[in-house]
Amino acid sequence: MTGNAGRGAVPRDPRGVRGDGDEEHITASVFINDDEPGLHDDYARWLERLAPHEPLAQYRHNDTGEDNGDAHLKRQVMGREVVVAVSGGKLDFGPWEQIFYGEFDGRRRKRVLVKIIGE
Amino acid sequence: MTGNAGRGAVPRDPRGVRGDGDEEHITASVFINDDEPGLHDDYARWLERLAPHEPLAQYRHNDTGEDNGDAHLKRQVMGREVVVAVSGGKLDFGPWEQIFYGEFDGRRRKRVLVKIIGE
Amino acid sequence: MTGNAGRGAVPRDPRGVRGDGDEEHITASVFINDDEPGLHDDYARWLERLAPHEPLAQYRHNDTGEDNGDAHLKRQVMGREVVVAVSGGKLDFGPWEQIFYGEFDGRRRKRVLVKIIGE
């Protein structure tokens, strides 16, 4: 999600502010973890094991003519939105935390919403 | 969660408002995905594969006399609460997003809490 | 998370307030469920089945010299943060809900952030 401009309002005061990013589609995720390529490869292989893309006929959702039944399941494991505290005007992350966008289907244009609220 | 009246406060101003719905029980979920019956059948079968209801003796939680050990696990996969941005006075969803209540046990009366906050 | 002091701001008014706790590390979770020891044993065994710690070589993340590839996956299943409504100045939980800290690695000191916001 690096470089995402978002559509969030600008906070008037950084104290107590909280931002969240939600992925507005149903076959993708916004999640927070480490920016380590091996780990992201592990996520992809693990999700494929938990919810294999094929055979397509294993998902009733694919009876609609779509082929992304697995992507709807993968998105539930990885989550839809994150809520991140803002302290002193900055996202209050742990040492290695970064926000990622996870795409499990890839067929459509997607948008990510960032909303910032506070006192 | 269609038709849920909730207990949320009414926002005074739609700008920057955010609402969330949380499921207040431990064997059920509130989640956001597509309103497609095949998909919901897929979720049910997939969760049963990840955390089978039987044999009951595989869960130490069921040693308490309950039989819903699996439901506590399914709820973690699907999530407890959702946080949804409100823009222009409306829930700011993606094209197909809807909020659902997922019930994995079914023994008890449940309530869903909806809280709306904003500037 | 019992006894956690947090770093949250004090709300000025309990109406409409919402608090959240997020776990600021990438191999641990904050989650809400029942305080039943058998259930927590079930979670541990279930997560080990979904994302086994060994063999270490199954995770590309472990090629970095770490051995916690599985912990990054377990954290995604259990979640990073929780958002809890505050009503009448109290965390508005369901009958059995409690907040827990789930540790899947254990190597490092961790902190949990609690942020309370409201009108």
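Listed in order, the protein sequences are those of chains A, B and C.
Quick note: the first sequence uses numbering that gives the first Met the number 0, first residue 0, plus one each step.
Quick note: the second sequence uses numbering that gives the first Met the number 0, first residue 0, plus one each step.
Quick note: the third sequence uses numbering that gives the first Met the number 0, first residue 0, plus one each step.
Glycine included, C-beta positions come from ideal geometry on N, C-alpha and C.
- Closest in C-alpha terms to C/Leu-55, from the list C/Leu-49, C/Trp-45 and C/Asp-69, comes C/Asp-69.
- Contacts with chain C (Cβ-Cβ distance below 9 Å) from the stretch 75-89 of chain A involve Val-76, Met-77, Gly-78, Val-81, Val-82, Val-83, Ala-84, Val-85 and Ser-86, listed in chain order.
- Our two residues, A/Ile-31 and B/Asp-40, have alpha carbons roughly 29 Å apart in a direct line.
- For B/Leu-112, the uninterrupted beta strand (DSSP E) run begins and ends at 111-116, by DSSP.
- In the displayed model, A/Asn-32 falls within a strand according to three-state DSSP.
- Annotation for A/Gln-57: no alpha helix (DSSP H) segment contains it, and DSSP assigns it neither H nor E.
- For the stretch 37-63 of chain C, the beta-carbon criterion of a distance under 8 Å to any beta-carbon of chain A is satisfied by Leu-49, Ala-50, Tyr-58, Arg-59, His-60, Asn-61, Asp-62 and Thr-63.
- Closer than 8 Å to the CB of B/Lys-73 there is not a single CB belonging to chain C.
- In terms of Cβ geometry, A/Val-29 and C/Glu-80 do not form a close pair [threshold 8 Å].
- Closest by C-alpha distance to B/Asn-67, out of B/Leu-112, B/Gln-97, B/Ala-27 and B/Lys-109, is B/Ala-27.
- For B/Ala-84, the enclosing beta strand (DSSP E) starts and ends at 80-86.
- Leaving aside the five residues that flank B/Trp-95 on each side, the residues in its chain whose CB is nearer than 6 Å to its CB run, in chain order, Asp-33.
- Judged by their CB atoms, A/Gln-75 and B/Met-77 are nearer to each other than the 8 Å cut-off.
- Nearest Cα to A/Arg-44 within the set C/Arg-44, C/Trp-45 and C/Ala-50: C/Ala-50.
- A/Arg-107 and B/Ala-84 have their alpha carbons spaced roughly 22 Å apart.
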